[in-house]
Amino acid sequence: MALAVMLLNGTSFHGGCCRHKVLLSSLGPLLSNSKLYSSYRRPGAEPEKKLSWQNADFSFKKSIDHLKTQLSLLKKETQDYLKGPGGNPLSRHLLEQTRVLWQFRSQEDLNKWVISSDVEIGGKSKVYIKLGRNNQAALLYGTLNTEVPRDGETKYSGYCSMRSRPEVGSFNRKKYYDWSNFNSLYLRVRGDGRPWMVNIYTDPYFSHQKDDLYSYFMFTRGGPYWEEIMIPFSKFFLSSRGRVQDNQHPVWLDKASFLTLGFTIGDKVDGPFQLEIDFIGLVNDRAHKEKFAYEAYDKNTPV
């Protein structure tokens, strides 16, 4: 509990293409119905009649207002960059031992996350998110249903997830998390005894790595009491499209590749679920010396 108090009180808050795709990236917030993530079209469903860029609002006044907003954001980012990493002095950055990434105290904090379920592929699971009692936590709840949709292609169903929205800087530039000063993820949660998967999504350089995911299991004990869970980054394993990869490697904390963090439930047990999250933070645990928990295979073994 002392570590949780230290986290909350002693830290700063953070957290060759087609033409129409090029147009999409430049239009940015002018798209009135744009989606944060690429949508899944279930087998047999008709494609959308209009492309996303065709729904753009080309208002001159909105464009000027948006330009002013982006320039002010760029000014603030420049000031923070000149001040130091993350807008903090260099000395504070080097000595930082804890950091709160997300905490849930208002609707604005919830808006930084997006929920999804197997409804996207025709499933019947349901998931919701709201503020907990006294507005002191995020309450993720719903019902898991493993019934497979009868579309002739889907073989598995039954999952719900919660995922942080990617941070966006001025002029729609992607912002990444730098966790190189820390070695563990720290959470204060209260669950119902069901297991969850903690996922770290990355933004790789190559398109064939776009489905790469670093994951680890979080087992909640249930009951009325909160629990504080610390997960070392050395425990996260690499998977792609739901398959654990033979070629494992540690999460590259010194690379600015962290895009989002998420939680997924898919334990193949039908019924209600519930997870409360007080805050999500980082810890530099000096007692943890492990570099990587899994065996790394040498593909090119010398003869």
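Take 938 as the starting number for the sequence shown in the numbering used here and just add one per residue.
Where is the CB? At the ideal position from N, CA and C, for every residue including glycine.
In the structure shown, Glu1057 adopts helical secondary structure according to DSSP, grouped into three states. For the pair Val1051 and Ser1144, the Cα-to-Cα distance works out to about 24 Å. Residue state for Pro1187 is assigned as coil, using DSSP reduced to three classes. If only complete runs of 3 or more residues are kept, the stretch 1096-1137 shows the beta strand (DSSP E) at 1097-1101, 1121-1128, in order along the chain. In this structure, the beta-carbon distance from Asn1082 to Ser1053 does not fall below 8 Å. The Cβ atoms of Arg1036 and Phe1156 do not sit closer than 8 Å to each other. DSSP places Lys1063 inside the beta strand (DSSP E), whose first and last residues are 1063-1068.
Between the C-alpha atoms of Glu1090 and Asp1055 there is a straight-line separation of about 14 Å.
Distance from the Cα of Leu1077 is smallest, within the candidate group Asp1222, Arg1087, Ile1058, Ser1098, for Ser1098.
Judged by beta-carbon spacing, Gly1159 lies within the 8 Å limit of Gly1128, meaning their Cβ atoms are closer than that value. DSSP places Ser1028 inside the alpha helix (DSSP H), whose first and last residues are 1027-1032. In this structure, the beta-carbon distance from Pro1187 to Phe1216 does not fall below 8 Å. Taking a contact as a CB-CB distance under 8 Å, the pair Met1167 and Ser1121 counts as one, their CB atoms being some 5 Å apart. In the same chain as Phe1154, and ignoring 5 residues on each side of it, the C-beta atoms closer than 7 Å to its own belong to Pro1132, Met1134, in chain order.
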